[in-house]
Structure formats: structure tokens, C-alpha cells
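Please read the structure below before turning to the comments.
Residue numbers (the working numbering), protein chains in the order written: chain A, 32 to 577; chain B, 188 to 547.
Set out below in C-alpha cells:
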């Protein structure tokens, strides 16, 4: 392990360092680009995975936090880049180094108005083009007269813009067209059976062949990050269940972990076991849904019902303990809201007992089918390097052989005590992604069995830490926490100014990165493959549109 | 063969009419009655088929299916039909109005024409040509025109892709359907529908015809599923890709026509399968078992025919609810690289079997 401080200090002498859980480097806007290239390409540093680009408004300056990880050494680094120019903030884009920044920088532009020089497609990502102002800035005027509810249709914007720096250091604005006038562009969505929500894929097709896909998210953007800034910490918890609703527990677990880390609260062991059990049940239910939806999208409607049959059983378990099936609201700061239902262990054991048989049924019905195999094998191939570069995590990344399970690499809660395998496939195609999920179901069942035993043996009966303050105020500082949600690494970034509301809360969702690879994986395949590939990537729209 | 001949009834009715009116008037009256009867049977069968498929699919999927309207939900499809009938026909801007309105009629006319030549029972043949099979194939292929027009005139990208797919698919798969039917025509030596059924009095073709008949049956089943745009070949309306394919823009009874025609086409291809391979309305006989054969003869021929058609439909529905959908390139490769060459080879094989008398 190299000494990051020394190394970066040499590369960029003006950088300042801030120690913490993760080393934070602050660099000036002008030096960021050169440092980024070094961080990515230097053999010792090798920060090849950009986890998140988080825009923050520090009032006196605007800027971004870049969360970086090296997949080889698992070293982590935070880079803070600021610009004092509030009128015309500009930073250099790193989207050519880390492709994941293509969408994430657009998000920052959308909410903070920071223009990224060199970004190929500098349009708003979520908001309408006629939106006035940048809502996550602290001086944003939320007066409804400035941004009324617009009842007119949004014009299809084929014009895109990119900012290029010329030799004299001047930034030039260049406009170009996304599609030509005689391109045959078909909209998949926002209302479409296979986009699994209100998501729009503008697809350029040539006959039956997909040439290019331009995703247009934002149809259900709720501005959760903005809302969180005016809520107290316990109030922000409820939004996590509404991000990726198929990872409601894991998302909420992540936010709770982050707040507990900031407050230094010790979570009772019983609560930890329950939390992890719920996480795994959620993952199981999510993978069953994913099986159902993928088979359904490929026309095997019957398989869909088989997957949903077992999912229903899991939802019943949630219903008994949490009182809800979808938005569970079960984790609270310091533990869980109530102890599990008396039948909980019995129900989970019943589920674990039937799953191996049911899995055989799924394989019989779909996996072994010749049509299913020919339609998924070799379709939508993504390599390991691409997965890392586009920031893909979760089952879709593990299908390329990229080991990225947060539960293994930076274990949280009680995962380090549990025995499970990280499921890896190597082909990187739709079939591999599908198989990773099916094999993870087996791992979930094995984990649940271990956890049932642990919960039965557990003598403590505290399900929530006793010393959680009534009014939660986080100390001044910033924290970043990741968990393995059903679709990949879900991250929460909190910046606190010591008040009862977060100063900045960012949710780093796995699904936003997934739509970044739709174009990469679908180009030059058939229309039917577009559906197969997007189904196998398995994104959930509310997680993209936070 | 002691099975009841419905010809007795129809002749009696014909004589009755002729006794009270001139011959031409009798023919006109008969035509009207037959037309009305056909329409009635057509719609009732379609409604039954909708119910049949919904129930079967529900059972395949561990569900109950429609249960609320009437006992076991039997009235559900009547309720659905009523809903479709009273729905608004939405007028779209920027479409080819004439072709848009014409398309559903072409589809339904094609399916009714081929429906009319099916051998319903002994003596229940509406019209008995010597080229009945040829007429049936010709009539059923008008349907693709309607689908192409529907997709084109809707001025919608989904419908256009759906129509192009269906054009490619139906024309390709008609070849295999035609070839397997031709194989059986070679075996029977006649194109008359009554002739085909009568030729199976001593054993259904699927039993008599040896290997080539079995191959032809399998090819026919696959190709017929393809020709009727049913899963796993339901690409033209692949709802997960093209929302509803060629009929995305249709509403009310116009959509209803496509819907009815789709189910009736299922019945028609099943009917043709039972005519060509399973003996039409011929009862099941085992040579030598006189008592058994006599009992079989008591079952009316109409029941035999419809029962066989339902059985074949069951197999096709079973396909649909088990398999994922194929992709367009796989679909065409299956037809042009496998089904058609095998079908051609099979035709030669059947000719040899007939020439050398190798059949039972």
C-alpha cells in the first residue's frame, strides 16, 4: 500500500488533506484534471472505479466530491474539487477517464449548474429543459411562480451541447444534434410494458437493429435529496424505501448505518441479525421479481407467475413483522422499529425449505429452454473493464467476473461472521447476469438458514439501541457509507453542519449507472434483444430518478 | 359406419323450402340462414375460445382465472365482448382513414371464409368443392393483407414494425403450412374436404400415413402457430417490445375484430389439423373392436370434430404458455433453414410412400 498523502502531495503540491475514515484531498479546479489522470493511470494508485460524483454547494463555493476506489487494492479516496465562481461555475470533466461520470456529471449540472468542460453531452438529466435555476443550490428560489407546473408538452430536444477548451484556454460552446432528421427513432417508454416504470429510451433503429440508445430519465424524479435537506434525520429515513423499492431494507439500512456511524451508536446484536435477515429476504424477493420480469419480457409469462408465487410468501413475512409489503419502514436509527413477529423464524425456515425445489422448477421452465438460451447467451456482452469503468456493481457486474460485493470487500453489520460465496460468472452476457441472480438466490437461502440459527441462539432481546437521542443532531463532518443492495452498491453521503437537518444528503444509486451501459450493451443487437438486455440489467426507475 | 348423417336434416329442410317457394328463393333463404348461423357460431366459438385460453393459461400459471362473472366465470367473455362493443372508436389524426377502417374487416373476412369450409360433421358441409383445401389456404392468406394495412395506416412506429414482422412471418410460415397440407393431399389423393374425411374412415391419416404424416403433423403445428401469430411466435404483437404491435392504435370493435379473428384463427388451424391428420369428424375406431366402435359412433360427428379441434388448440395454447418468444432472425431461420427443407423432403418421402404403397 502506497502512502496516498505522500504520493498525491508529490503529484499535486497545492493539495490539502483532511484525515478521516477516508482520506479527503482538496484540489483547486484547475489542477483536478491532471490529478485525475494520474489517479486513474498511475500504476501505484490505480483508482479505476469512480463510485460517485456528488455535487455540493458550500455557499462560498460550489464543487464536487469524487469518491474513488481502486478495485485492485480496495483503497479509497475522496477528492474535493471546488470553484468559487457561482455565476459561471466550470470544472473539467473526467467522463473520458471514468465513463460513469457521463451520467453523474450531468446530474450535478442539472442540480448545481456546474458545467463540465469536455463532457460530450451537457444537457439536463432529470429536469425539463425549461426549468429555471438549479434546485440543489442553497440560494435556489423555490417560488412556484418561477417554475410553475407546466402543462405543455416538453419539446423533444435533439440539440445537445458540449463545452470544449481550445489551445488558448478559452472554453467554447459547441452545439450538435443527437439525431439527424431522417433517423428512425422509436421511443421505448415512458409508458411501455418493458421499461418497468416511467423511463424512456430513445432508440435509433435500422430495420430490426438497434443502432443507438439515448436514455431519458426523470419522469418520476421527486427531488428526494432536496427534500432531505429540510427534514430531520429520522424523517429522511422514509425516502430510502422509495428509492429502489426492491431494496427498501438495504437502502434504509445504509442510511441508518451512516447516521449511526456519525453518532457513534452501537446497534444491539439482535437488531443487527434482524436487519441482515431482512436485507437477505429483500434480496431474495428482488431476485425473484427480476426472474419474473425478465422471463415476462421475453414472453414466458408463466415463469413470471412462478417467481411471483414465492415472492408473495416473502411479502407475507414482511407484512407480519413490518406491517407493510412494499414500503417497509422497519429500520430506525439504532436498530429496528419493533421485534420480529413470533412466527418469523418459522416462516423463514418454511421459505428456505421450499426454495431449492422451486429453483429447480424455475430452471426447468426457463433456464434450460432452448429459446431462452439462444436469446440470452452472447447477447448484450459487457466486459469486466467496461463494468468497472461505467461504475456497474451488483449482479450485473459480477456476471463479468468483477468481484464487487460490498458484503465481502468492506463488510458491514454482521456479514463478516456469515459464510457465503460471492457469485461470479465470466461471460458478461444476459445469460450470465440472469444466472448470477439465480445462484444468488441459493446464497440468500443459505444465509437465511444461518441467520435463523443465529437469531434463535441470540439471548439479547434488545431490538433498538437504548441511548438514541430524541433530537438527532449530527456533528459537523461528512460520512459515506455503502451497502450491497439488491442491484449493487448503494451509497449514502451525508454532510452535516451540526444542525438537525442534513446539509447535504446524496444517495448514490446503482441503477443510474446501469442505464449508462444500455447504449453500450444494446447497440447492434435486435429490438427484442434491447428488451432482454434491459431486463437482465434489471434497473428500477425510482432508484434512477431519486 | 353408422354415425348420424346430418344430411338427412338439411335435405329435409331443403325439400320443405322448395315445396313452398321457387328454387331460387329457397337458395336465397338457405344462404341467409347459413350466413346468420355462421356468424352466430363464429362469435360464440370466439367467446368460448377466449374463455378456454384464459382458463387454461390460468391453470398453467397456478391461478384460477376468471371466477366472478357467472359460475366459474363462464360469462366473463360475454362481459368482455359487451365492453368492447360499447367502447368508443377513437378517431386518430394523420392516419389513412380508409385503410385504417378497412384493415380489421379484411382480417375478419379472411378468417370467416376459411371458417366456412371446415367439415363440421357428417353432412354438415356448407359447400363441398373439389378444391376445398386450396380455397381454404387461399382465403386464409388474405389475413396478412389486413395486418399489413393496419400497421401501415396507423402511422405509428410500433405498428409499422409489427406489420413488417407479421408480413415476413406469415408469408414464410404459410409455405410450411402449405407444404405439410400438400403432403397430406398427396396421401389422400384428393383436395375435396369431404373426400379427405371419407378417406380416413378406416383410420386417421396420422396413424395410416407412417412417418411422413407424423413429420407433417409436427411441422404443421409449428408453422400454424407461426401463421396465427401466437406465442412463441407472437412477434407482430409482442407486447413487451411493441406494446400491441400492429393493432396498437385500434379501439372498440375494430380492436374486437382483430381479437376475435385471432382466436378464431386458432380454431381454424386446429380444425384444419383435425381434418388433415385426425380424421375430421370421423369417430375413433379400432379395427376388430365392434362394440367399442359402435359406442364411438353414438357420439355425434359435430362433437368429434369440435373435440379434436379443441385438443389441437390445447397443444398450441400449451406452447404459448410455456415458451419464451423467439427473436425475428431466429424465427426466419427456423422456417427457411429447417421447417421448409424438412417439409420439402417430407413431401418427396410421402410421394414415395404413396407410389410404393408403403402405408397401411
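Positions of the beta carbon are idealized from the N, C-alpha and C atoms, including for glycine.
Chain B contact for residue i (CB, 7 Å cutoff)
i: residue 213 of chain A; result: no
i: residue 403 of chain A; result: yes
i: residue 381 of chain A; result: no
i: residue 348 of chain A; result: no
i: residue 363 of chain A; result: no
i: residue 198 of chain A; result: no
i: residue 239 of chain A; result: yes
i: residue 217 of chain A; result: yes
i: residue 572 of chain A; result: no
i: residue 305 of chain A; result: no
i: residue 559 of chain A; result: yes
Through-space distance from residue j to residue i, alpha-carbon basis
i: residue 253 of chain A; j: residue 514 of chain A; result: 23 Å
i: residue 308 of chain A; j: residue 315 of chain A; result: 10 Å
i: residue 101 of chain A; j: residue 36 of chain A; result: 15 Å
i: residue 539 of chain A; j: residue 318 of chain A; result: 21 Å
i: residue 236 of chain A; j: residue 215 of chain A; result: 6 Å
i: residue 406 of chain B; j: residue 317 of chain B; result: 25 Å
i: residue 11 of chain A; j: residue 449 of chain A; result: Beyond the ends of chain A as shown, which are 32 and 577, falls residue 11 of chain A; an answer cannot be given.
i: residue 197 of chain A; j: residue 151 of chain A; result: 15 Å
i: residue 477 of chain B; j: residue 388 of chain B; result: 14 Å
i: residue 439 of chain A; j: residue 471 of chain A; result: 14 Å
i: residue 508 of chain B; j: residue 253 of chain B; result: 17 Å
i: residue 433 of chain B; j: residue 422 of chain B; result: 10 Å
i: residue 98 of chain A; j: residue 83 of chain A; result: 5 Å
i: residue 273 of chain A; j: residue 267 of chain A; result: 11 Å
i: residue 156 of chain A; j: residue 450 of chain B; result: 45 Å
i: residue 410 of chain A; j: residue 466 of chain A; result: 14 Å
i: residue 402 of chain A; j: residue 460 of chain A; result: 16 Å
i: residue 321 of chain B; j: residue 424 of chain A; result: 59 Å
i: residue 529 of chain B; j: residue 373 of chain B; result: 16 Å
i: residue 576 of chain A; j: residue 248 of chain A; result: 7 Å
i: residue 398 of chain A; j: residue 357 of chain B; result: 29 Å
i: residue 395 of chain B; j: residue 453 of chain B; result: 26 Å
Chain-ordered neighbours of residue i on chain A, where CB pairs are closer than 8 Å
i: residue 249 of chain B; result: 336, 337 and 340
i: residue 430 of chain B; result: 223 and 224
i: residue 312 of chain B; result: Within 8 Å Cβ-Cβ: nothing; residue 312 of chain B doesn't reach chain A, min ~38 Å.
i: residue 421 of chain B; result: 330
Cross-chain neighbours of residue i in chain B, by beta carbon under 9 Å
i: residue 400 of chain A; result: 509, 510 and 511
Neighbour list for residue i in chain A, Cβ cutoff strictly below 7 Å
i: residue 356 of chain B; result: The contacting residues do not exist; residue 356 of chain B stays about 12 Å from chain A at best.
i: residue 418 of chain B; result: 330
Within chain B, partners of residue i - CB distance below 7 Å
i: residue 329 of chain A; result: 511 and 512
i: residue 406 of chain A; result: 511 and 514
Whole-Å CB distance - residue i paired with residue j, under 8 Å assumed
i: residue 488 of chain A; j: residue 567 of chain A; result: Residue 488 of chain A to residue 567 of chain A, Cβ: 39 Å. No contact.
i: residue 548 of chain A; j: residue 327 of chain A; result: The pair is not a contact, with the Cβ atoms about 22 Å apart (cut-off 8 Å).
i: residue 371 of chain B; j: residue 463 of chain B; result: 5 Å
i: residue 169 of chain A; j: residue 88 of chain A; result: 5 Å
i: residue 56 of chain A; j: residue 111 of chain A; result: 7 Å
i: residue 68 of chain A; j: residue 43 of chain A; result: Going by Cβ atoms, the distance from residue 68 of chain A to residue 43 of chain A rounds to 11 Å, so no, they are not a contact pair.
Closer than 8 Å at the beta carbon, the chain B residues around residue i
i: residue 562 of chain A; result: 427 and 428
i: residue 333 of chain A; result: 244, 247, 248, 508 and 509
i: residue 326 of chain A; result: 511
Cβ of residue i within 7 Å of any chain A Cβ
i: residue 515 of chain B; result: yes
i: residue 344 of chain B; result: yes
For the pair the stretch 361-376 of chain A and the stretch 268-288 of chain A, tell me if three or more CB-CB distances fall below 8 Å. yes
Do the stretch 411-428 of chain B and the stretch 517-527 of chain B touch if we need at least three Cβ pairs shorter than 8 Å? yes
Contact between the stretch 292-299 of chain A and the stretch 329-336 of chain A (3+ Cβ pairs under 8 Å): no
Do the stretch 255-272 of chain B and the stretch 337-347 of chain B make contact, defined as three or more Cβ pairs closer than 8 Å? no
At a cut of 8 Å, does the stretch 428-446 of chain B reach the stretch 288-298 of chain B through at least three beta carbon pairs? yes
Is there contact between the stretch 191-206 of chain B and the stretch 555-564 of chain A, where contact requires at least three CB pairs shorter than 8 Å? no
Below 8 Å, can you find three or more Cβ-Cβ pairs linking the stretch 492-507 of chain B to the stretch 233-242 of chain B? yes
Count the C-beta pairs between the stretch 294-312 of chain B and the stretch 324-337 of chain B that are closer than 8 Å, then say yes if the count reaches three, no if not. yes
If you pair each beta-carbon of the stretch 349-365 of chain B with each one of the stretch 274-281 of chain B, do three or more pairs fall below 8 Å? no
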